[in-house]
Each structure stands twice: as C-alpha cells, then as structure tokens.
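Residue numbers -12 to 126, in the numbering used here, belong to the letters of the sequence shown in order. Glycine included, C-beta positions come from ideal geometry on N, C-alpha and C. Report on one structure; see the data block that follows.
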Amino acid sequence: MKTFKFAFLFLALLSFITSCEDDDDGGVTVCDQAAWVGTYTGSIDCTPGGAQDVTVTVTASGTAALNVSYVTADSTTITFTDPITYSDCSFDVTGGNQGDTLSVNATRSGDMLTLNSSLTISDSTASITTNCVITATKN
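The structure is reproduced here in structure tokens:
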C-alpha cells in the first residue's frame, strides 16, 4: 500500500511539471491591421536633405488595408492617398505619375516601424532622386 501511495504521488507530481506542447511562440510577431494602426514617432533621414524628426500616422482602411501619412519637423506632409495592402509585417508600394516615381517598402517589428522610400522627380531635362529612411517607434 505504501508503494502505491508513492507511485500515485510521483504521477501527480509528474503531471505538474510536464506539458503537452511548447508554449513558446518562437518570438513570432503578429502584424494584423490592429498592430499596424497607431502613431509612431522617430526620425527621417533623406539623401539629399538630412535628418529630422517625423510623426507617422497609420489608420485602418476597411478591414484589410492601411492609410499612411507622415509629417516631418519642417511641416512637410506626405500622405499615401490609396489604401495600402500589407502582408503580415511588411508592405511594398510603387507608383508614378507624369514621370515621377515613388517606391516604398515598410516593415514592422514589435513597436518599431522602418519605412524606406525612393522618390524620383523627372522632367524633360533632368531627374532628381531622394532616398529616405524613417525609423519610428509606436507611441
């Protein structure tokens, strides 16, 4: 009878220290629409142009897209007028109009947003390209 009690106690103890599966999610970041939406503050560094403070605002558009805009310290405002479709923790947008081309890639990791953009403005005599990197943290 004494052996039976110890065996039962051992099994009860064993059930408390084992589990069916690993509870660790492996550090996977979920980037659904709600995770993207918010206000981010940080810096924008452009070549040519230099660095300055920036505020990025991301809002929901419908149930599966985003509206993105940002305002720099010198009050320059950029707004992406078309809703942006994201794929988990990133999005890519390319567009153009009358010889001008904008290409944007953004990624989200935790509360950090990194947005790389390249804007080329062209006319019949010349073209100018500005490359910018925004690094911002969600407030």
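Exercise for the section: Counting only the same chain and skipping the five closest in sequence on each side, list residues whose C-beta sits under 7 Å from that of Q85. Expected result: Nothing meets the Cβ criterion.
Exercise for the section: Could you work out which residue in T88, V24 and S56 is closest to D110 when comparing CA atoms only? Expected result: That would be T88, whose Cα lies nearest to the Cα of D110.
Exercise for the section: Would you mind listing the alpha helix (DSSP H) stretches within the segment 13 to 72 that are 4+ residues and don't spill past its ends, in chain order? Expected result: List check, alpha helix (DSSP H) in window: 20 to 23.
Practice task
On a CA-only basis, which of D61, S74 and G25 is nearest T94? Give me that one, please.
Solution key: Ranking D61, S74 and G25 by CA distance to the CA of T94 puts S74 first.
Practice task
Would you kindly work out how many angstroms separate the C-alpha atoms of A22 and T112, rounded to a whole number?
Solution key: So the two alpha carbons sit approximately 44 Å from each other.
Problem - Backbone secondary structure at C76 - three-state DSSP - result: In this structure, C76 counts as coil in the three-state DSSP scheme.
Practice task
Could you name the residues that DSSP lists as bridge partners for S90?
Solution key: Per DSSP, T81 and S105.
Practice task
Just the C-alpha distance for S105 and S56, rounded to the nearest angstrom, thanks.
Solution key: Distance between the alpha carbons of S105 and S56 is about 15 Å.
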